[in-house]
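J.: Numbering (the numbering used here), first residue to last: 49 to 313. Every residue, glycine too, gets a C-beta built ideally from N, C-alpha and C. Take a look at this one; I'll ask things after.
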């Protein structure tokens with residue numbers, strides 16, 4: 049008989065999700081990976097770097113490790129997925145942080161064992177939904193957005209050189225879009241053995257849409273265009289393809305990955 053430690057009450061709130069990845073128009077291989085685990089209500093986008101073998105390997109290890117670690121945590125004595133009425137008291141952010149840290153170690157150690165993978169790493173933007181709570185863990189410049197009614201807001205903060213320059217007042221956000229340094233990130237998962245992971249949580253409302261994407265989308269479209277594509281798509285399941293098509297029409301400079309998650313009542 050299984051112990052109560054591994055048992056989790058069913059989530060009170062249903063979600064609808066859809067995701068897609070595309071190589072884009074300029075690259076000959078896709079180094080992005082994404083994960084949709086509707087049972088855990090876990091969603092991850094990872095944008096790998098480190099050459100043909102390395103980038104794709106790093107992003108794949110990241111999504112697989114995060115999923116595995118959270119499933120293991122759910123079966124453990126301190127199951128973080130037990131419903132907690134208070135956002136601040138939820139153990140999910142720390143479980144999510146730990147899962148990304150484990151992914152970092154796994155990528156780093158894999159690279160140590162294979163010279164072809166040396167220097168590989170990946171961004172990670174991850175979301176766990178539990179009841180009305182949404183929790184994010186983030187490293188790099190892949191993004192999470194909240195779309196609520198007429199509003200779109202970037203939830204994550206880019207760990208990038210141009211964002212550091214914006215915060216220091218050295219360049220404007222408009223200048224950042226055209227900077228030669230816009231693809232340089234200041235943190236990645238797996239390039240070093242340890243990484244600082246940003247975690248955050250918010251209380252959602254029915255009808256909220258969370259969008260996770262790699263910079264192959266964010267660099268091609270304005271926030272308002274992303275909002276309008278979500279709001280105007282006839283089918284929610286078609287939103288990722290619609291957004292990817294738009295990014296490719298603009299040039300498709302990079303791999304493009306999108307996940308959308310809509311909160312139910």
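Going by DSSP, what residue range makes up the alpha helix (DSSP H) through residue 290?
T.: Looking up residue 290 in the chain shown gives position 242. Run containing residue 290: 287 to 297, per the alpha helix (DSSP H) assignment.
J.: Measure the beta-carbon distance from residue 277 to residue 287 and round it to whole angstroms, keeping in mind my assumption that it falls under 8 Å.
T.: In the chain shown, residue 277 corresponds to position 229, counting from 1. In the chain shown, residue 287 corresponds to position 239, counting from 1. The Cβ separation is near 7 Å, so the contact holds.
J.: Just list the beta strand (DSSP E) runs in the stretch 179 to 248, keeping only unbroken ones of 3 residues or longer that don't cross its boundaries, in chain order.
T.: 181 to 187, 191 to 196 and 199 to 202
J.: Is DSSP giving residue 310 helix, strand or coil here?
T.: Numbered from its first residue, the chain shown carries residue 310 at position 262. The answer is strand: DSSP assigns residue 310 an E or B state.
J.: For residue 259 and residue 159, I'd like the C-alpha separation in whole angstroms.
T.: The residue you call residue 259 lines up with position 211 of the chain shown. The residue you call residue 159 lines up with position 111 of the chain shown. Between residue 259 and residue 159, the C-alpha separation is close to 30 Å.
J.: Tell me where the beta strand (DSSP E) around residue 70 begins and ends.
T.: Numbered from its first residue, the chain shown carries residue 70 at position 22. Per DSSP, residue 70 belongs to the beta strand (DSSP E) from 63 to 70.
J.: Suppose the cutoff is 8 Å on Cβ atoms and the five residues either side in sequence are ignored; what does the same chain contact list for residue 88 look like?
T.: Counting from one through the chain shown, the residue named residue 88 turns up at place 40. Closer than 8 Å at Cβ, skipping near neighbours: 115, 118, 119, 122, 129 and 176.
J.: Hey, quick one: how far does the beta strand (DSSP E) through residue 143 stretch, first residue to last?
T.: One-based indexing of the chain shown puts residue 143 at position 95. Note, residue 143: premise wrong, no beta strand (DSSP E); alpha helix (DSSP H) at 140 to 161.
J.: Could you tell me which residues DSSP pairs with residue 80 in its beta bridges?
T.: In the chain shown, counting from the first residue as 1, residue 80 sits at position 32. 95, per the DSSP bridge assignment.
J.: Ordered along the chain, which non-local residues of its own chain (more than five positions away) have a Cβ less than 7 Å from that of residue 209?
T.: Taking the first residue of the chain shown as 1, we reach residue 209 at position 161. Answer for residue 209: 229, 232 and 234, listed in chain order.
J.: According to the neighbour-count rule (16 or more other Cβ atoms, all chains shown, within 10 Å of its Cβ), is residue 64 buried or exposed?
T.: Taking the first residue of the chain shown as 1, we reach residue 64 at position 16. It is exposed - the Cβ of residue 64 has fewer than 16 other Cβ atoms within 10 Å.
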